[in-house]
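There are 2 protein chains.
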Amino acid sequence: MERIEDCISFVIGKAAQQIARRAREKLAVHGVTPIQYAILKVLGQQDGQSGAELGARLVMDSATMTGVIDRLQASGLLERQADADDRRIQRLFVTEQGRLLQKPMDAAMDQLNDEVTRNLGEQGEVFWHALRRLGENRG
Amino acid sequence: MERIEDCISFVIGKAAQQIARRAREKLAVHGVTPIQYAILKVLGQQDGQSGAELGARLVMDSATMTGVIDRLQASGLLERQADADDRRIQRLFVTEQGRLLQKPMDAAMDQLNDEVTRNLGEQGEVFWHALRRLGENRG
DNA sequence: GACTAATGACTCGTATACAAGATATATGGA
DNA sequence: TCCATATATCTTGTATACGAGTCATTAGTC
Chain B
3 MERIEDCISF
13 VIGKAAQQIA
23 RRAREKLAVH
33 GVTPIQYAIL
43 KVLGQQDGQS
53 GAELGARLVM
63 DSATMTGVID
73 RLQASGLLER
83 QADADDRRIQ
93 RLFVTEQGRL
103 LQKPMDAAMD
113 QLNDEVTRNL
123 GEQGEVFWHA
133 LRRLGENRG
Chain P
3 MERIEDCISF
13 VIGKAAQQIA
23 RRAREKLAVH
33 GVTPIQYAIL
43 KVLGQQDGQS
53 GAELGARLVM
63 DSATMTGVID
73 RLQASGLLER
83 QADADDRRIQ
93 RLFVTEQGRL
103 LQKPMDAAMD
113 QLNDEVTRNL
123 GEQGEVFWHA
133 LRRLGENRG
């Protein structure tokens, strides 16, 4: 490998960085970050999941999860509620205020998806397939 | 977009995260991180570049650059040297110790490239093309 | 030469990401 | 019941990443 631009770790990192930047811009008007959006989305579809369940779905470790949940709670978009049966577990619930953001946030991310997909054209399908494969750590 | 797994920002972020994890593991034995490797590689091919020049090549802002350079210097892999003509500029030089790491680090990253490319098979070409396009912020 | 704009490096605050470890709680078996 | 193990969460320390702003220096213009 002669150039750093031929290093897969570098190139995919920078590509993800550019996409993340655009996602941040689109979500900033709603006061949330991309990962906060992800948590609100998953939780909005099934309330009451624990941090561990969310972490498994979103591939986040518990240390990161604690911090993100702290900030979402501080923003009033989500609440912790101790589980009655297992007191180790904090179940998470989207607040009214959090639910109001769901549709506009989804619209913003749909828009980003469209922009990227349109630009990639026919290569889009192959690209998605490869990305999922890598994300699942099979590549 | 129904599922968070259909969100391009989320999926490319997680794919990059997995690749970065594997790159970190391979580089950890040499005591460097992926971004530190990138700086040492670019600088090793042309010594004496400034932080601004490196930042343009590696798409890093100056705040991040300062921190990474600090740690590389603390590790003894790189040195700062004030420019004689323009005293705003700090020129960067790889140390002897830094040069010794070049080949083994490159070998580790070549290995990662091979693993990923082999796994993607025929889709590799399309995937690389799409990644570069996105990294250049044209998609 | 003096003034203004631009530039390079740095600092500070915030947000992921992760390793390692601490704490509280739950579970299984002796 | 007691104990070892496992689990969920949280804490701490380190490393990117970026917005915003500071400071010194340089470049451009009059």
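Sequence order for the protein chains is B and P.
Last residue of the first sequence: 141 (the numbering used here), numbering continuous.
Last residue of the second sequence: 141 (the numbering used here), numbering continuous.
Virtual Cβ for every residue (Gly too), placed ideally from N, Cα, C.
Assignment of beta-bridge partners to Arg93(P) by DSSP yields Ser52(P), Gln83(P). Nearest C-alpha to Arg134(P) among Met3(B), Leu56(B), Gln20(B): Gln20(B). Note that the C-beta distance between Ile91(P) and Ala17(B) is not below 9 Å. Judged by their CB atoms, Ala110(B) and Val61(B) are not nearer to each other than the 9 Å cut-off. If the five residues before and after Asp85(B) are omitted, its C-beta is found closer than 6 Å to the C-beta atoms of Ile91, Arg93, all from its own chain and listed in chain order. As the crow flies, the alpha-carbon of Gly33(P) is around 11 Å from that of Arg73(P). For Glu117(P), the enclosing alpha helix (DSSP H) covers residues 98-122. Rounded to whole angstroms, the gap between the alpha carbons of Gly100(B) and Gly78(B) is 7 Å. Only exposed fits Lys105(B), as fewer than 16 other CB atoms lie within 10 angstroms of its CB.
When only Cα atoms are considered, Leu80(P) and Glu98(P) end up about 9 Å apart. Taking 9 Å as the CB threshold, Ser64(B) stays off the interface with chain P.
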